[in-house]
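In terms of this note's numbering, the sequence shown opens at residue 138 and continues consecutively.
Report on the structure given below.
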Amino acid sequence: MELALAPETLARWQFGITTVYHFLFVPLTISLAALTAGLQTAWVRTENPKYLTATKFWGKLFLINIAMGVVTGIVQEFQFGMNWSDYSRFVGDVFGAPLAFEALIAFFFESTFIGLWIFGWDKLPKRIHLACIWMVSIGTILSAYFILAANSWMQHPVGYRLNKKSGRAELTDFWAVLTQNTALTQFFHTMTAAFLVGGAFMVGIAAFHLARKKHIPVMRTSLRLGLVTVVIAGLLTAVSGDTLGKVMFKQQPMKMAAAEALWDGQAPAPFSVFAYGDVQKGHNTVELEIPGLLSFLANDNFSSYVPGINDVNKAEQEKYGPGDYRPNIPVAYWGFRWMIGFGMASFSLGLLGLWLTRRRFLLPQRLRTGEDEVPHLVLFRNKALSPKFARWYWLTALWTLLFPLIANSWGWIFTETGRQPWVVYGVLRTSDAVSPHTSQTEVLISMITFTLLYAVLAVIEVRLLVKYVKAGPPELTDDDLDPPTRIGGDRTDADRPMAFSY
Numbered sequence: 138m139e140l141a142l143a144p145e146t147l148a149r150w151q152f153g154i155t156t157v158y159h160f161l162f163v164p165l166t167i168s169l170a171a172l173t174a175g176l177q178t179a180w181v182r183t184e185n186p187k188y189l190t191a192t193k194f195w196g197k198l199f200l201i202n203i204a205m206g207v208v209t210g211i212v213q214e215f216q217f218g219m220n221w222s223d224y225s226r227f228v229g230d231v232f233g234a235p236l237a238f239e240a241l242i243a244f245f246f247e248s249t250f251i252g253l254w255i256f257g258w259d260k261l262p263k264r265i266h267l268a269c270i271w272m273v274s275i276g277t278i279l280s281a282y283f284i285l286a287a288n289s290w291m292q293h294p295v296g297y298r299l300n301k302k303s304g305r306a307e308l309t310d311f312w313a314v315l316t317q318n319t320a321l322t323q324f325f326h327t328m329t330a331a332f333l334v335g336g337a338f339m340v341g342i343a344a345f346h347l348a349r350k351k352h353i354p355v356m357r358t359s360l361r362l363g364l365v366t367v368v369i370a371g372l373l374t375a376v377s378g379d380t381l382g383k384v385m386f387k388q389q390p391m392k393m394a395a396a397e398a399l400w401d402g403q404a405p406a407p408f409s410v411f412a413y414g415d416v417q418k419g420h421n422t423v424e425l426e427i428p429g430l431l432s433f434l435a436n437d438n439f440s441s442y443v444p445g446i447n448d449v450n451k452a453e454q455e456k457y458g459p460g461d462y463r464p465n466i467p468v469a470y471w472g473f474r475w476m477i478g479f480g481m482a483s484f485s486l487g488l489l490g491l492w493l494t495r496r497r498f499l500l501p502q503r504l505r506t507g508e509d510e511v512p513h514l515v516l517f518r519n520k521a522l523s524p525k526f527a528r529w530y531w532l533t534a535l536w537t538l539l540f541p542l543i544a545n546s547w548g549w550i551f552t553e554t555g556r557q558p559w560v561v562y563g564v565l566r567t568s569d570a571v572s573p574h575t576s577q578t579e580v581l582i583s584m585i586t587f588t589l590l591y592a593v594l595a596v597i598e599v600r601l602l603v604k605y606v607k608a609g610p611p612e613l614t615d616d617d618l619d620p621p622t623r624i625g626g627d628r629t630d631a632d633r634p635m636a637f638s639y
């Protein structure tokens with residue numbers, strides 16, 4: 138029995154490794170596209186060179202990230218046929234529809250305009266060129282929406298019927314798949330979390346340069362934009378997370394009970410701060426709780442009843458037949474907390490940074506001393522704080538760029554593992570979705586190969602980002618500030634259409 142389950146376990150590990158790795162690039166791509174578009178808009182409206190410099194700097198990092206995201210994303214589709222053929226056969230009619238829209242509309246839309254944006258710097262009028270990066274941003278958001286709609290159907294299947302003769306799920310209402318509350322709330326939460334990633338990324342890199350007192354005008358602007366993004370996105374992530382949590386309490390009560398290690402239903406139900414217990418016996422031995430808070434989070438009522446793991450497991454046994462319908466409780470419990478913890482840490486540091494820089498406090502300025510202009514750390518408002526505090530903040534801000542990435546990763550681990558043992562909740566078990574004729578050796582070889590390949594790609598990605606981050610923003614030329622507005626215009630330098638991208 139253990140050997141028979143090995144291909145399923147390995148297939149899940151492989152999909153988990155490749156998906157978490159790929160999703161590191163997705164939120165950064167979505168947010169950097171929009172933030173870069175915003176900076177370019179500021180340049181077109183004001184013609185201030187610092188906005189153009191910032192656009193080119195963050196745009197280059199965006200291009201590196203999206204290229205790696207596309208490469209790693211292709212592997213996801215291969216795995217549906219390699220390791221999950223029974224899943225593909227069963228839900229292909231439903232699951233394939235939003236993925237087809239993502240490829241035919243969003244991805245082609247996105248890739249077309251990103252090409253125009255890369256090659257059109259010196260060939261397109263400013264406003265048309267600006268429209269291209271906004272189209273890229275819209276394309277990334279549309280792409281995310283269609284993929285999340287497909288994933289939401291796995292969490293809460295709607296708009297389909299089961300064909301008993303063919304043994305397949307058939308799509309009956311595509312609009313229901315796209316507009317169900319699971320898809321809408323999950324999309325809202327994912328988008329706000331994506332901008333939390335992008336804002337923290339911008340804050341961390343800007344802090345790195347400001348700590349070295351280099352590229353001050355551009356990085357001051359980038360820091361403030363990143364901090365505002367982190368604070369707004371952090372607030373919206375909390376609001377959207379609360380909304381999504383209420384939907385999950387109704388649609389997947391087992392997942393949310395596992396997230397709180399709530400073994401037996403209670404009214405009122407407490408929110409668990411820390412718990413340690415025996416999974417086999419189904420109870421906690423150590424608990425630190427906030428009374429009534431879970432009832433409020435689930436139902437907006439501090440005294441409402443919330444079912445526990447044992448209650449839901451018994452109800453699902455009666456509905457679906459004998460079996461253990463509990464997910465991995467420690468992974469669900471701690472994944473939920475790491476998601477919230479790292480997300481709130483990012484928001485808190487962003488709020489602190491926004492307060493400290495409200496009047497350029499702790500921001501390096503260019504002060505003129507005699508004939509020279511020298512970088513200087515200006516301490517406004519509070520002379521009691523030493524420059525050591527400034528250095529501490531810059532170092533913390535630099536590492537902050539990792540926090541939302543960790544939160545996003547654990548959020549998806551919780552979302553997907555908390556649904557087990559279902560691959561399509563209440564319809565198809567994970568054990569029935571794996572490819573029936575794929576051996577343990579075949580899955581192991583592919584898992585090791587993909588993991589090693591992704592490790593190599595990780596080294597390449599990090600080295601490229603570090604190289605261009607350290608290099609800082611580019612020096613602008615006259616052609617950058619006043620590019621030709623027609624194809625075939627006169628040029629005084631060599632024709633280098635890809636100069637921006639390397």
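No residue lacks a Cβ here, since even glycine has one placed at the ideal position from N, Cα and C.
For this session: Within its chain, find whatever has a CB closer than 7 Å to the CB of K520; leave out the 5 residues flanking it on each side and keep chain order.
Result: Low confidence applies here, because K520 scores a pLDDT of 44, under 50, leaving its location unreliable and the question unanswered by this model.
Exercise. Once you ignore the five residues that flank T155 on each side, which residues in its own chain have a CB closer than 6 Å to its CB?
Worked result: V212, F587
Exercise. With respect to the beta strand (DSSP E) encompassing W254, which residues constitute its N-terminal and C-terminal limits?
Worked result: Unbroken run through W254 is the alpha helix (DSSP H), 245 to 256; no beta strand (DSSP E).
Exercise. If we count Cβ pairs, one from each stretch, closer than 8 Å, do we get three or more for the region 420 to 431 versus the region 394 to 401?
Worked result: yes
Exercise. Are S483 and V367 touching if we call contact CB-CB under 8 Å?
Worked result: yes
Exercise. Between which two residues does the beta strand (DSSP E) harbouring Y413 extend?
Worked result: 408 to 415
Problem set entry | Option in Y158, G336, L373 with minimal Cα separation from T322 | L373
For this session: For my contact list, T166 and T277 are in at a C-beta cut-off of 8 Å; report their separation, rounded to the angstrom.
Result: 6 Å
Exercise. Given a threshold of 16 other Cβ atoms within 10 Å of its Cβ, counted over all protein chains shown, does N438 qualify as buried or as exposed?
Worked result: exposed
For this session: Would you give the residue range spanned by the alpha helix (DSSP H) that W559 belongs to?
Result: Segment 559 to 561 is the beta strand (DSSP E) holding W559; no alpha helix (DSSP H) there.
Exercise. Between V334, A343, L176, which lies nearest to P541 when the distance is taken from Cα to Cα?
Worked result: V334
Exercise. In three-state terms, what does DSSP make of N438?
Worked result: coil
Problem set entry | Residue interval of the alpha helix (DSSP H) (run including N300) | Careful: N300 lies outside any alpha helix (DSSP H), inside the beta strand (DSSP E) at 297 to 300.
Problem set entry | Beta-carbon contacts of N202 that lie in its chain and below 7 Å, excluding the five residues immediately before and after | F162, L165, T166, L169
Exercise. Should R495 be labelled buried (16 or more other beta-carbon atoms within 10 Å of its own) or exposed?
Worked result: exposed
For this session: Kindly give me the distance between the Cβ atoms of P558 and Y462, rounded to whole angstroms, as I take these residues to be in contact under 8 Å.
Result: 6 Å
For this session: Specify the secondary structure class of E307 as computed by DSSP and reduced to three states.
Result: strand
For this session: For the alpha helix (DSSP H) containing K387, list its first residue and its last residue.
Result: 353 to 388
Exercise. Whose C-beta lies closer than 8 Å to the C-beta of L581 among residues of the same chain, with five residues either side of it excluded?
Worked result: L147
Exercise. Any idea what DSSP makes of T426, helix, strand or coil?
Worked result: The amino acid occupying residue 426 in the given sequence is Glu; Thr does not appear at that position. It is a strand residue.
Exercise. Straight-line CA distance for V410 to N545?
Worked result: 20 Å
Exercise. Which residues bound the alpha helix (DSSP H) around P186?
Worked result: 186 to 219
For this session: Please report the residue range of the alpha helix (DSSP H) in which W180 lies.
Result: 163 to 183
Exercise. In whole angstroms, what separates the C-alpha of V603 from that of P390?
Worked result: 43 Å
Exercise. Just checking my contact of P235 with A286 at CB under 8 Å: how many whole Å lie between their CB atoms?
Worked result: 5 Å
Exercise. Mind checking whether F332 and S377 have CB atoms under 8 Å apart?
Worked result: no
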